[in-house]
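Presented below is the structure to which this report refers.
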Amino acid sequence: MGAVDGPSAAAEGGAGDADVAEELVSRLELIEGQPLGERAASFALLHDELRARLEGGDGASSRG
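In UniProt numbering, the protein residues as written are 1 to 64.
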């Protein structure tokens with residue numbers, strides 16, 4: 001399981017995850033309303049940002 005420093009840390013992480021999810025949904029809704037060319041570019045930018053976030057996360061330390 002994940003390394004959590006108690007119930008308050010878990011609650012803070014859960015709230016942060018909810019905020020991130022809401023932000024992502026909001027951003028996706030904005031992208032969907034764009035013309036096709038702009039939509040493609042926006043999805044590509046979002047993809048790059050999400051990939052950078054995943055690769056920059058603490059996943060490497062938990063693998064080894």
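Backbone N, C-alpha and C fix where the C-beta goes; we use that ideal spot for every residue, glycine too.
Item                                                                                                                                                     : Value
CA-CA distance, E55 and D48?                                                                                                                             : 10 angstroms
Only counting the same chain, and skipping five residues up and downstream in sequence, which positions put a Cβ closer than 7 angstroms to that of F43? : I31
Quick check on R53: buried or exposed, where buried means 16 or more other Cβ atoms within 10 Å of its Cβ?                                               : exposed
Consider the Cβ of P35: report whether some Cβ of chain B lies at a distance smaller than 8 angstroms.                                                   : Absent here is chain B; the protein component of the structure consists of one chain.
Helix, strand or coil for G37? Go by DSSP, reduced to three states.                                                                                      : helix
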